[in-house]
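Worksheet: the structure to be examined is printed underneath.
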Amino acid sequence: MSNSYASERPTGADAPAPAATSWVSVVVFAGVLLLTLGGFQVTEGAVALYREEFFMVTRTGLVLELDYATWGWTHLLLGLAAVAAGAGVLLGRLWARILGVLITFLGALLHFVFLAASPLWCTILICMDILIIYALCAHGRDVRPTHAG
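In terms of full-length UniProt numbering, the sequence shown opens at residue 1 and continues consecutively.
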């Protein structure tokens with residue numbers, strides 16, 4: 001039995017699945033980037049929950065009027081979702097690709113909001129987000145789950 005997604009070939013077909021393209025490395029990069037992003041988000045959330053004096057801005061100086069506990073839990077949950085999506089992308093899971101696209105899209109929107117503050121850096125990050133979204137949508141199935149058999 002071939003390692004393949006069911007949607008890549010008709011039911012009962014004995015033909016092997018199409019060969020993986022060179023985009024696999026970009027999809028793997030997207031998975032690793034989601035893992036890294038998730039790790040940073042979890043760290044920032046934990047710091048906001050346990051050491052709010054670490055941040056140099058007081059609550060009244062924040063752009064959004066949020067409590068540090070709300071900020072911390074939001075980052076913690078988004079970070080755990082990004083870690084799960086990154087691990088799932090590396091394992092070839094469809095749900096992880098969908099979650100990865102959603103997280104990356106939200107990141108691109110966030111970078112667009114801060115474009116005026118840091119134009120070069122945000123432009124680079126938006127381009128990277130678009131590349132990751134394309135890789136996950138168009139070539140995500142190239143990373144196949146392994147099945148014993």
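Even glycine gets a Cβ: it sits at the ideal position worked out from N, Cα and C. Bear in mind the structure is a predicted one, so any value in this text is a computation, not a measurement.
State the CB to CB distance for the pair residue i and residue j, rounded to an integer number of angstroms; the pair is presumed to be in contact (CB under 8 Å).
i	j	result
V26	L131	7 Å
T83	G140	Rather than Thr, the amino acid found at residue 83 in this sequence is Val. With 8 Å as the limit, V83 and G140 do not qualify as a contact, their Cβ atoms being about 18 Å apart.
G86	G31	5 Å
I126	F105	Not a contact, Cβ separation roughly 11 Å.
G79	V42	4 Å
What is the DSSP secondary structure of residue i, counted as helix, strand or coil?
i	result
G79	helix
L110	helix
L91	helix
L131	helix
L136	helix
The alpha helix (DSSP H) with residue i in it runs from where to where?
i	result
V143	Segment: none, V143 is in no alpha helix (DSSP H) and carries neither H nor E.
L37	24-50
Any idea if residue i is buried or exposed, counting beta-carbon neighbours within 10 angstroms, 16 or more meaning buried?
i	result
residue 161	In this structure the chain extends from 1 to 149, so residue 161 is not present and cannot be described.
D129	buried
A138	exposed
L99	buried
I124	exposed
V89	buried
W71	buried
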